[in-house]
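Chains X and F, in that order, are what the protein sequence lines are. If you're matching positions, the first sequence starts at -11 in the numbering used here and goes up one per residue. If you're matching positions, the second sequence starts at 20 in the numbering used here and goes up one per residue. Reviewing the structure listed below.
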Amino acid sequence: MKKEEKKIYLDLIQNLKLNNPVLVSYITNFIETYDGTNDKEFTMLIFGFLNLLNSHEEVSVRAKGFDKLLEIRKDFDKKLEDMEDEFEEEMNPMPAAASSDVEETTQ
Amino acid sequence: MTNTAELPSRDELVEKVGPPLHQEISRTYQVSKNEGEAFKTGAEMLKAVLQERGSDGKLYDQKQFTKLHEGNFQRGIDILQPETDSSGRYPPQMFYIPVYKRGFLGRKEETDEAMVGIKLNNDVNNPDKNTVLMYQVKHKNGVISANSAKKFLVSTEDAVTKGMQEGKGRGKWFRGELTVEQYNNKYAKKDSKYWASERRIRKLEIDPVEEAGRREEVLKRLEGYYVEQLAEYDKKTAAEIKKSAAEAEQAKLTGIENQRKLIVGLTDLLKTGVIQRVAAERMIKELGLEGVVDVDKLIAQAETQAQSQDGAVKVEIDTRRDELEAENKELKSKLQKEITEGRKREQDLERQHKEQQENYEKQAKEWQDQLQKTQDLMKAIESRLAEQEKRAKEREAEIAKAMKDKDEELAAQKGAAIKFATLALDLKNQLNELEKKSAQNGGVGGNVNPPEGKVIEGQFRDITEATPVEVPPPLSQLA
Chain X
-11 MKKEEKKIYL
-1 DLIQNLKLNN
9 PVLVSYITNF
19 IETYDGTNDK
29 EFTMLIFGFL
39 NLLNSHEEVS
49 VRAKGFDKLL
59 EIRKDFDKKL
69 EDMEDEFEEE
79 MNPMPAAASS
89 DVEETTQ
Chain F
20 MTNTAELPSR
30 DELVEKVGPP
40 LHQEISRTYQ
50 VSKNEGEAFK
60 TGAEMLKAVL
70 QERGSDGKLY
80 DQKQFTKLHE
90 GNFQRGIDIL
100 QPETDSSGRY
110 PPQMFYIPVY
120 KRGFLGRKEE
130 TDEAMVGIKL
140 NNDVNNPDKN
150 TVLMYQVKHK
160 NGVISANSAK
170 KFLVSTEDAV
180 TKGMQEGKGR
190 GKWFRGELTV
200 EQYNNKYAKK
210 DSKYWASERR
220 IRKLEIDPVE
230 EAGRREEVLK
240 RLEGYYVEQL
250 AEYDKKTAAE
260 IKKSAAEAEQ
270 AKLTGIENQR
280 KLIVGLTDLL
290 KTGVIQRVAA
300 ERMIKELGLE
310 GVVDVDKLIA
320 QAETQAQSQD
330 GAVKVEIDTR
340 RDELEAENKE
350 LKSKLQKEIT
360 EGRKREQDLE
370 RQHKEQQENY
380 EKQAKEWQDQ
390 LQKTQDLMKA
400 IESRLAEQEK
410 RAKEREAEIA
420 KAMKDKDEEL
430 AAQKGAAIKF
440 ATLALDLKNQ
450 LNELEKKSAQ
460 NGGVGGNVNP
470 PEGKVIEGQF
480 RDITEATPVE
490 VPPPLSQLA
């Protein structure tokens, strides 16, 4: 493959606003070291990969937001649990707990 | 009729079909006719396990039972890692959790009860199917027996671990925590005057209406807290959704922009002939821009760019040439300016050098004059010092001479004194001789005693016995 051709791909990647330097470095390295002859399939691969990366950006942002929402929910649940404990402590200040729902068998 | 002798033993069954599954054990427990029967089954299982492990029921023996307490509840029974025996099976593992009570001033003390757990290890890879038998037992100095079991429960490793970590509901039982009722009935009444007093106060002084009021008060307070937390949760969630939406929108816009750039790249590839129409169509399809981007237009655009490229290159060369000429002119002008400035700087430097040289010469002359003056002064000082030295030597000679004269004078005086003393001694001796002779002559005509002979004798004695004259040392020595 000609150097000029590779340069087209590399310039294109450099111009894209991709926030994944690791994957970008993989693909640029791959382009620089490619010495095959199947130019058409190579071009398809590069464009397919770049399109995938491009789509990944939006999905990644949404996933991050979803994780953050889960975290907020977890924090809220923890506060509710603390509130339950506080209620139990307030109503049963004795050293042992107030109730037991153990399904034990007694002699 | 079944011959019991032909029935396989428990060990043989285990060997043949493996340990009983949790489902089987649980099912047996659930279909027991009544609680008493279920409990009996549980006690028998405890007995069987103790026998199989060769345990004598010593809770405090770490080789038999692992102690779990508040400090390691978070790890739960995970700390009991299953180990294979010589036959490759996973034998049951036993642990216990002390049951605590509050002693005087709320101090924590172990009671004579404990929660004993037996992890059967019938499915070590699936904690939710690994059976754990839990017993509440009574012990005496840490020793239990199968008959000491009070309560019994069939559970799983998963459930027990979760119960220990959470400590709620059934978990309290797994953690060995007593209910208020259990505590009051077993310990508060007889073991702790403090808590007995508390209990009495609670029983006698708090009426149900007041208790209900307190409950309402607590609930109201917690409700306020809940509303606050809920509002905060809503606020945080809304903010995060807004933020995520904005970021996603931005990412979407970036994605669209990137797709445009990919199309530009595609055009470049078409233009340079790297790809053909079919490949371009496939790529547009891959990019999801089918119907949005027209391949024909793209090819036409690429061809237009390629055709206009020659003309563009010519224009570019002309432009570049003009730019180079302008740069050249500017460089020449700059160079001329620098040469002029360089000459001027050179003249300035020469003038400065000359002035500096003059200054150096003037300074050197001043230093020479100063040196001459200093040398003259030194000569004068040397001359004066020589004269002073000469005078000092003369004075020294005079003093030495005077000292010598004085020494001689003193020596003469000393010699005279010695001579005089010698003469006095001789005279005394002579007089003594004369007295002796006069005495021998018997006084005939020999009244030679002088009338004031004593006086004379006394005078001689005074002279001979006088303190010798101290002769001062010569002046030369004093000097």
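Glycine is no exception: its CB is placed at the ideal position from the N, C-alpha and C atoms. Owing to the predicted nature of the structure, the values given are computational and were not obtained by experimental measurement.
Between Ile163 (chain F) and Leu78 (chain F) the beta-carbon gap is near 6 Å, inside 8 Å, which marks them as a contact. For Ser43 (chain X), the closest Cβ of chain F is nearer than 8 Å. Between Met64 (chain F) and Gln83 (chain F), the C-beta gap is not smaller than 8 Å, which leaves the two residues out of contact.
The secondary-structure analysis by DSSP pairs Tyr115 (chain F) across a beta bridge with F:Lys86, F:Val135. Taking 7 Å as the cut-off between beta carbons, the residues of the stretch 27 to 38 of chain X near chain F are Asp27, Lys28, Thr31, Met32, Phe35, Gly36, Leu38, in sequence order. Shown here, Thr25 (chain X) sits in coil according to DSSP, grouped into three states, outside any helix or strand. Against chain X, the beta carbon of Gly274 (chain F) has neighbours under 8 Å at Asn42, Ser43, Glu45, Glu46, listed in chain order.
Residue range 168 to 175 is occupied by the beta strand (DSSP E) that includes Phe171 (chain F). The C-alpha of Lys159 (chain F) lies about 14 Å from the C-alpha of Tyr115 (chain F). With distances taken between CA atoms, Gln320 (chain F) lies nearest to F:Leu285 out of F:Gln449, F:Ser352, F:Leu285.
Arg189 (chain F) counts as buried, since at least 16 other C-beta atoms from the protein chains shown sit within 10 angstroms of its C-beta. Contact of Lys(-9) (chain X) with chain F is not assigned, every C-beta pair being separated by 8 Å or more. In chain order, His41, Ile44, Leu139, Asn141, Val173, Thr175 place their CB closer than 7 Å to the CB of Thr150 (chain F), counting only its own chain and leaving out the 5 sequence neighbours on each side.
Relative to Gln155 (chain F), the option among F:Arg194, F:Lys187, F:Gly182, F:Gln389 whose CA is nearest is F:Arg194. Secondary structure of Glu309 (chain F) (DSSP, three-state): strand. Taking every protein chain shown into account, the CB of Leu354 (chain F) has fewer than 16 other CB atoms within 10 angstroms, so this residue is exposed.
Nearest CB-CB separation between Asn3 (chain X) and chain F: below the 8 Å threshold. Among the residues of chain X, those whose CB is under 9 Å from the CB of Ser263 (chain F) are Val49, Arg50, Lys52, Gly53, Phe54, Lys56, Leu57, following chain order.
Assignment of Gln2 (chain X) by DSSP, reduced to helix, strand and coil, places it in the helix class. Under the DSSP assignment, Lys191 (chain F) falls in the alpha helix (DSSP H) whose first and last residues are 189 to 193. With fewer than 16 other Cβ atoms inside 10 Å of its own Cβ, Leu453 (chain F) counts as exposed. Between Ala299 (chain F) and Leu289 (chain F), the C-beta spacing is below 8 Å. A Cβ-Cβ distance of about 6 Å is found for the pair Ile282 (chain F) and Val312 (chain F), placing them in contact under the 8 Å criterion. Phe18 (chain X) has a beta carbon lying at 8 Å or more from every beta carbon in chain F. Taking a beta-carbon distance threshold of 8 Å, Ala133 (chain F) does not count as an interface residue toward chain X. The contact set of Lys67 (chain X) on chain F, defined by CB atoms closer than 8 Å, consists of Gln248 in chain order. Between the alpha carbons of Met302 (chain F) and Asp55 (chain X) lies a distance of about 34 Å.
For Thr103 (chain F), there is no enclosing beta strand (DSSP E), since its DSSP letter is neither H nor E. Under a criterion of Cβ atoms nearer than 9 Å, no residue of chain X is adjacent to Glu63 (chain F); the nearest Cβ is some 13 Å distant.
Here Lys425 (chain F) is not bridged, per DSSP, to any residue.
At a cut-off of 8 Å, the C-beta of Ala298 (chain F) has a neighbouring C-beta in chain X. In the DSSP assignment, Tyr48 (chain F) falls within the alpha helix (DSSP H) that extends over 41 to 49. Around the CB of Gly310 (chain F), fewer than 16 other CB atoms lie within 10 Å, so the residue is classed as exposed. Straight through space, the alpha carbons of Asp73 (chain X) and Glu235 (chain F) are spaced by roughly 16 Å.
Taking the C-beta atoms as reference points, Phe75 (chain X) is found nearer than 8 Å to Val237 (chain F).
For Ile294 (chain F), the closest Cβ of chain X is nearer than 8 Å.
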